[in-house]
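In what follows, a structure is listed as C-alpha coordinates, so that the remarks can point back to it.
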Amino acid sequence: MPTDEEPDAIHIQSDEQLRAVASHTRHRILRVLRDKPATITQVAERLGIAKGSSNHHMKVLAKAGLVAVVETRKVGGVTEQYYAMTGRTIELPETGAGQPEMLMRHALADIEAAPPSDQRTVFLKHARLSPEAWVEFNERLQALIGELHDASDPTQPAADLFVAFYRPKDV
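For what it's worth, full-length UniProt numbering labels the leading residue of the sequence shown as 1, then goes sequentially.
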(Lines of atoms letter the chains of each structure in order from A; the text may use other names.)
(Lines give C-alpha, C1' and ligand atoms only; values in the text may rest on other atoms or scores of the structure.)
Protein backbone atom coordinates (compact mmCIF):
# COMPACT_ATOMS: atom_id res chain seq x y z
CA MET A 1 0.00 0.00 0.00
CA PRO A 2 1.44 3.41 -0.91
CA THR A 3 2.51 5.47 2.06
CA ASP A 4 2.24 8.86 0.37
CA GLU A 5 -1.26 10.25 0.83
CA GLU A 6 -2.77 12.73 -1.57
CA PRO A 7 -2.55 16.17 0.04
CA ASP A 8 -6.10 16.90 -1.02
CA ALA A 9 -7.71 13.50 -0.61
CA ILE A 10 -11.18 13.19 0.84
CA HIS A 11 -10.93 10.64 3.64
CA ILE A 12 -14.22 8.82 4.08
CA GLN A 13 -14.76 8.71 7.83
CA SER A 14 -18.49 8.66 8.51
CA ASP A 15 -21.34 6.31 7.67
CA GLU A 16 -23.01 9.21 5.86
CA GLN A 17 -19.98 9.61 3.59
CA LEU A 18 -19.73 5.87 3.00
CA ARG A 19 -23.41 5.69 2.04
CA ALA A 20 -22.92 8.67 -0.29
CA VAL A 21 -20.09 7.00 -2.24
CA ALA A 22 -21.82 3.60 -2.22
CA SER A 23 -24.44 4.76 -4.74
CA HIS A 24 -23.52 4.03 -8.34
CA THR A 25 -25.29 7.20 -9.55
CA ARG A 26 -23.30 9.32 -7.09
CA HIS A 27 -20.13 7.48 -8.13
CA ARG A 28 -20.88 8.52 -11.73
CA ILE A 29 -21.53 12.12 -10.63
CA LEU A 30 -18.15 12.21 -8.88
CA ARG A 31 -16.54 10.97 -12.12
CA VAL A 32 -18.06 13.94 -13.96
CA LEU A 33 -16.94 16.40 -11.29
CA ARG A 34 -13.43 14.94 -11.17
CA ASP A 35 -12.64 16.65 -14.49
CA LYS A 36 -14.19 20.07 -13.89
CA PRO A 37 -17.02 21.80 -12.03
CA ALA A 38 -20.52 21.34 -13.42
CA THR A 39 -24.09 22.40 -12.73
CA ILE A 40 -26.86 20.00 -11.77
CA THR A 41 -28.27 20.37 -15.29
CA GLN A 42 -24.90 19.65 -16.93
CA VAL A 43 -24.43 16.55 -14.78
CA ALA A 44 -27.94 15.33 -15.62
CA GLU A 45 -27.35 15.81 -19.35
CA ARG A 46 -23.93 14.17 -19.30
CA LEU A 47 -25.20 11.11 -17.40
CA GLY A 48 -28.59 10.91 -19.10
CA ILE A 49 -30.52 11.16 -15.83
CA ALA A 50 -33.39 13.40 -14.74
CA LYS A 51 -32.47 16.84 -13.42
CA GLY A 52 -34.39 16.09 -10.20
CA SER A 53 -32.34 12.93 -9.68
CA SER A 54 -29.13 14.85 -10.31
CA ASN A 55 -30.23 17.48 -7.80
CA HIS A 56 -31.08 14.87 -5.14
CA HIS A 57 -27.78 13.03 -5.49
CA MET A 58 -25.79 16.28 -5.54
CA LYS A 59 -27.43 17.33 -2.25
CA VAL A 60 -26.48 13.98 -0.67
CA LEU A 61 -22.87 14.40 -1.85
CA ALA A 62 -22.77 18.01 -0.60
CA LYS A 63 -24.21 17.08 2.81
CA ALA A 64 -21.52 14.39 3.11
CA GLY A 65 -18.83 17.00 2.32
CA LEU A 66 -17.76 15.33 -0.93
CA VAL A 67 -18.79 18.17 -3.25
CA ALA A 68 -19.31 21.90 -2.78
CA VAL A 69 -20.49 24.89 -4.77
CA VAL A 70 -17.38 26.55 -6.20
CA GLU A 71 -18.99 29.14 -8.46
CA THR A 72 -22.35 30.84 -8.90
CA ARG A 73 -23.45 32.53 -12.13
CA LYS A 74 -26.55 34.50 -13.07
CA VAL A 75 -27.80 33.40 -16.49
CA GLY A 76 -30.98 35.05 -17.74
CA GLY A 77 -32.44 35.51 -14.27
CA VAL A 78 -31.52 31.97 -13.21
CA THR A 79 -28.72 31.30 -10.74
CA GLU A 80 -26.47 28.43 -11.81
CA GLN A 81 -24.40 26.74 -9.15
CA TYR A 82 -21.25 24.92 -10.21
CA TYR A 83 -20.25 21.98 -8.04
CA ALA A 84 -16.81 20.41 -7.71
CA MET A 85 -15.32 17.64 -5.63
CA THR A 86 -13.84 18.90 -2.37
CA GLY A 87 -10.65 16.91 -3.04
CA ARG A 88 -8.92 15.33 -5.97
CA THR A 89 -9.29 11.75 -4.76
CA ILE A 90 -11.46 9.77 -2.37
CA GLU A 91 -9.79 7.50 0.17
CA LEU A 92 -11.92 4.79 1.73
CA PRO A 93 -11.15 3.61 5.25
CA GLU A 94 -9.43 0.28 5.78
CA THR A 95 -11.45 -2.44 4.15
CA GLY A 96 -14.65 -3.09 6.01
CA ALA A 97 -17.62 -5.30 5.34
CA GLY A 98 -18.98 -4.73 1.85
CA GLN A 99 -16.37 -2.23 0.67
CA PRO A 100 -14.54 -4.51 -1.81
CA GLU A 101 -17.89 -5.57 -3.25
CA MET A 102 -18.95 -1.93 -3.61
CA LEU A 103 -15.75 -1.11 -5.51
CA MET A 104 -16.17 -4.15 -7.74
CA ARG A 105 -19.79 -3.24 -8.53
CA HIS A 106 -18.78 0.32 -9.46
CA ALA A 107 -15.85 -0.89 -11.58
CA LEU A 108 -17.96 -3.48 -13.39
CA ALA A 109 -20.71 -0.94 -14.07
CA ASP A 110 -18.11 1.51 -15.43
CA ILE A 111 -16.61 -1.18 -17.68
CA GLU A 112 -20.05 -2.20 -18.97
CA ALA A 113 -20.99 1.45 -19.64
CA ALA A 114 -17.73 2.23 -21.44
CA PRO A 115 -17.96 2.46 -25.22
CA PRO A 116 -16.51 -0.48 -27.17
CA SER A 117 -12.84 0.19 -27.56
CA ASP A 118 -9.54 -1.38 -28.47
CA GLN A 119 -8.26 0.40 -25.35
CA ARG A 120 -9.75 -2.08 -22.91
CA THR A 121 -7.86 -4.93 -21.30
CA VAL A 122 -9.42 -7.51 -19.01
CA PHE A 123 -7.50 -10.41 -17.50
CA LEU A 124 -8.23 -13.29 -15.18
CA LYS A 125 -5.18 -15.32 -14.25
CA HIS A 126 -4.98 -18.19 -11.79
CA ALA A 127 -1.67 -18.96 -10.09
CA ARG A 128 -0.29 -20.80 -7.10
CA LEU A 129 2.11 -18.64 -5.09
CA SER A 130 4.10 -19.08 -1.92
CA PRO A 131 3.41 -16.48 0.79
CA GLU A 132 6.72 -14.78 -0.10
CA ALA A 133 5.93 -14.70 -3.83
CA TRP A 134 2.45 -13.34 -3.07
CA VAL A 135 3.93 -10.47 -1.03
CA GLU A 136 6.54 -9.71 -3.71
CA PHE A 137 3.98 -9.68 -6.52
CA ASN A 138 1.62 -7.50 -4.46
CA GLU A 139 4.43 -4.99 -3.84
CA ARG A 140 5.20 -4.88 -7.58
CA LEU A 141 1.51 -4.29 -8.34
CA GLN A 142 1.44 -1.43 -5.82
CA ALA A 143 4.52 0.12 -7.45
CA LEU A 144 2.95 -0.14 -10.90
CA ILE A 145 -0.26 1.46 -9.62
CA GLY A 146 1.89 4.28 -8.20
CA GLU A 147 3.49 4.75 -11.64
CA LEU A 148 0.04 5.02 -13.21
CA HIS A 149 -0.92 7.65 -10.63
CA ASP A 150 2.28 9.62 -11.29
CA ALA A 151 1.74 9.49 -15.08
CA SER A 152 -1.79 10.88 -14.82
CA ASP A 153 -2.33 14.05 -16.87
CA PRO A 154 -5.70 15.81 -16.42
CA THR A 155 -5.56 17.10 -20.01
CA GLN A 156 -5.63 13.56 -21.42
CA PRO A 157 -8.51 11.08 -21.82
CA ALA A 158 -9.50 9.12 -18.71
CA ALA A 159 -8.09 5.67 -18.03
CA ASP A 160 -9.24 3.54 -15.11
CA LEU A 161 -7.57 0.57 -13.49
CA PHE A 162 -9.29 -1.92 -11.21
CA VAL A 163 -7.18 -4.60 -9.57
CA ALA A 164 -8.32 -7.48 -7.39
CA PHE A 165 -5.41 -9.63 -6.20
CA TYR A 166 -6.57 -12.17 -3.67
CA ARG A 167 -6.31 -15.70 -2.36
CA PRO A 168 -9.44 -17.58 -3.50
CA LYS A 169 -11.13 -20.23 -1.46
CA ASP A 170 -9.45 -23.49 -2.55
CA VAL A 171 -11.83 -26.12 -3.85
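Where is the CB? At the ideal position from N, CA and C, for every residue including glycine.
(message) Rounding to the nearest angstrom, what Cα-Cα distance links T86 and V67 in this structure?
(response) The residue given as residue 86 occupies position 86 in the sequence shown. The residue given as residue 67 occupies position 67 in the sequence shown. Those two C-alpha atoms are separated by around 5 Å.
(message) I need the DSSP call for K119, collapsed to helix, strand or coil.
(response) Looking up residue 119 in the sequence shown gives position 119. Note on identity: in this sequence residue 119 is Gln, with Lys being the wrong assignment. If DSSP states are grouped into helix, strand and coil, Q119 belongs with coil.
(request) Tell whether a beta-carbon distance below 7 Å holds between L61 and A20. (result) The residue given as residue 61 occupies position 61 in the sequence shown. The residue given as residue 20 occupies position 20 in the sequence shown. Yes.
(message) Cutting at 8 Å between CB atoms, please list the residues of its own chain near W134, excluding the five before and the five after it.
(response) Along the sequence shown, one-based indexing puts residue 134 at 134. Cβ within range, chain order: R167.
(message) Looking at the strands, I want to know which residues DSSP matches up with I90.
(response) As a first step, residue 90 is located in the sequence shown; it is residue number 90 there, counting from the start. I90 is bridged to I10.
(request) Please name the residue in I111, D150, G65 and H57 whose C-alpha comes closest to that of V163. (result) For the purposes of this step, residue 163 is identified with residue 163 of the sequence shown, where counting begins at 1. It is I111 whose Cα lies nearest to the Cα of V163.
(request) Evaluate L141 with the Cβ neighbour count: other Cβ atoms within 10 Å of its Cβ, from every protein chain shown; 16 or more gives buried, anything less gives exposed. (result) As a position in the sequence shown, residue 141 is number 141, starting the count at 1. Counting Cβ neighbours within 10 Å, L141 comes out exposed, since fewer than 16 surround it.
(message) Which of the three DSSP states is assigned to R128 in this structure?
(response) Here residue 128 corresponds to residue number 128 of the sequence shown, with the count starting at 1. Three-state DSSP puts R128 in coil, outside helix and strand.
(message) By the three-class DSSP mapping on this structure, what secondary structure does V21 have?
(response) For the purposes of this step, residue 21 is taken as the residue at position 21 of the sequence shown. If DSSP states are grouped into helix, strand and coil, V21 belongs with the helices.
(request) Count the C-beta pairs between the stretch 103-120 and the stretch 64-78 that are closer than 8 Å, then say yes if the count reaches three, no if not. (result) With the cut-off at 8 Å, the stretch 103-120 and the stretch 64-78 do not touch.
(request) Identify, in the order they occur along the chain, each residue of the same chain with its Cβ nearer than 6 Å to the Cβ of Q17, setting aside the five sequence neighbours on each side. (result) Stepping through the sequence shown from its first residue, residue 17 is reached at position 17. Cβ within range, chain order: A64.
(request) Just tell me which of K36, T25 and H27 has its CA closest to the CA of residue 196. (result) An answer regarding residue 196 cannot be provided, because it is not within the stretch 1 to 171 covered by the chain.
(request) Could you check what DSSP says for V78 in three-state terms: helix, strand or coil? (result) Within the sequence shown, the letter at position 78 stands for residue 78. Strand.
(message) For A114 and E136, what's the separation of their Cα atoms in angstroms?
(response) The residue given as residue 114 occupies position 114 in the sequence shown. The residue given as residue 136 occupies position 136 in the sequence shown. Taking the straight line from one Cα to the other gives about 32 Å.
(message) Suppose the cutoff is 6 Å on Cβ atoms and the five residues either side in sequence are ignored; what does the same chain contact list for R28 look like?
(response) The sequence position of residue 28 within the sequence shown is 28, counting from 1. Result list for R28: L47, in chain order.
(message) According to DSSP, simplified to helix, strand and coil, what is V163?
(response) In the sequence shown, residue 163 corresponds to position 163, counting from 1. Looking at V163 - three-state DSSP - the assignment turns out to be coil, as it is neither helix nor strand.
(message) If you reduce the DSSP assignment to three classes, tell me which class A151 lands in.
(response) The residue labelled residue 151 in the question sits at position 151 within the sequence shown. Helix.
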